[in-house]
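Take 24 as the starting number for the sequence shown in our numbering and just add one per residue. Quick reminder that beta carbons are idealized off the backbone N, C-alpha and C, glycines included. Data block below; observations after.
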Amino acid sequence: MPIKEINLFHQHGRQFVPDLRTASLPAIFRGRPLLDASILPEEAVRVKQLCPTGAFGTGDAPGTVGDTGCYIDLGACVFCRECEFALPDKIRFTNDHRLATNIRAELIVRQGEDRRITLDESRIRKEIRILFRNALKLRQVSAAGDNATEMELNAAGNVNFDMGRYGIEFVASPRHADGIVITGPVSANMAAALQICYDATPEPRIIILAGTNAISGGIFAGSPALHREFTEIYPADLYVPGNPPHPLTFINGILDLLGKP
Ligand code: SF4
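Here's what the structure looks like:
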């Protein structure tokens, strides 16, 4: 082989992530946040006013009762870092990319907490692990997505991340799929198409909400242009936060759901 090509290979290094389960991201990545226990109530109120999506809150979060202090709801957070800029000594986004879970309330990161976000094993439907553990075909539905999450999902299948090594692939037709991955805030215009796609997917089918927009509507939450009844009627098997989610967040979330080591 010519010397020039050999040198090029050396410069490029490895083109794939050898182990997706242990791969870490650089410190610049915005992953699971930490809210210091010393955040004062008046500081929390100030930050709350800055947050563009209502992800930063005080007291009870969606799905929780009797809580005090402040929190960030990763299902609504767009990772803009405005809260971190406002209180740089007390709010910090770590590079922990393992953010996916099957419990909506698990996406609430409370003040003073420093714990990994995980799945509740008891809530995973048995048939998911029996049928899809070694091969999972997914149909992606962009329900008014902005192509950000869609691009990251594409990247999950490229040579770097190569989720196909686990038998996880996107397919063109819902009739060939084991589940759907929804991106985007679900506009009224896409509501019927989403339902048709879901109905066309054979049972048992799984639902994955990928990205902040799909989980909560993101910055579009409350817009009359949205029609999110689908996400209220059908419980999600997996929530994958991020705006957009990183391929490692998506892939590791699915592997956790499937019970892969
Ligand atoms: S990073 Fe998240 S919680 Fe903080 S201000 Fe932005 S949207 Fe709100």
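Local conformation of residue i per DSSP, three classes
i, result
"LYS113", "coil"
"SER210", "strand"
"THR224", "coil"
"PRO56", "strand"
"THR81", "strand"
"THR45", "coil"
"LYS27", "helix"
"ARG37", "coil"
"ARG104", "coil"
"ASP279", "helix"
"GLY89", "coil"
"ALA7", "Residue numbering for the chain in the displayed model covers 24 to 284; residue 7 lies beyond these limits and cannot be assessed."
"ALA215", "helix"
"PRO267", "coil"
"LEU73", "helix"
"ILE62", "coil"
Sequence-distant residues of the same chain with beta carbon closer than 7 Å to residue i, five excluded per side
i, result
"ALA248", "SER210, ALA211"
"THR87", "ALA128, ILE131"
"PHE253", "VAL209, ALA214, LEU217, GLN218"
"VAL70", "PHE79, CYS106, ALA109, LEU110"
Residue i versus the options, residue with shortest Cα-Cα distance
i, options, result
"PRO111", "LEU57, ASP201, ARG146", "LEU57"
"GLY245", "CYS103, GLY77, ILE114, LEU122", "GLY77"
"ASP260", "SER165, ARG146, LEU176", "ARG146"
"ASN275", "ASN236, ILE231, ASP137", "ILE231"
"LEU73", "THR91, ARG228, CYS106, ASP59", "CYS106"
"GLY98", "ASP119, THR124, PHE108", "THR124"
"LYS160", "ASN30, PHE193, THR141, LYS149", "PHE193"
Other residues of its chain near residue i: CB distance less than 8 Å, five sequence neighbours each side excluded
i, result
"THR224", "ARG162, PRO197, ARG198, ALA200, ASP201, GLY202, ILE203"
"GLY135", "LEU58, ASP59, ALA60, GLY92"
"PRO75", "VAL101, CYS103, GLU105, ILE242"
"GLY187", "GLY180"
"CYS220", "ARG162, VAL164, PRO197, ILE203"
"ASP137", "LEU57"
Near the ligand SAH: residue i beta-carbon under 7 Å from a heavy atom
i, result
"CYS93", "In the structure shown, the ligand SAH is absent; the only ligands present are the ligand SF4."
For residue i: DSSP bridge partner residues
i, result
"TYR94", "GLY80, ARG133"
"ILE231", "VAL204, LEU261"
"LEU249", "SER210"
Residues near residue i by beta carbon distance below 6 Å, same chain, minus five either side
i, result
"GLY282", "ARG152"
"SER165", "GLU173, THR206, GLY207"
"PHE52", "ASN118"
"PRO270", "GLU175, ALA178, ALA179, PHE184"
Could you tell me which whole alpha helix (DSSP H) segments of length 4 or greater appear in the stretch 122-207? 149-155, 171-179
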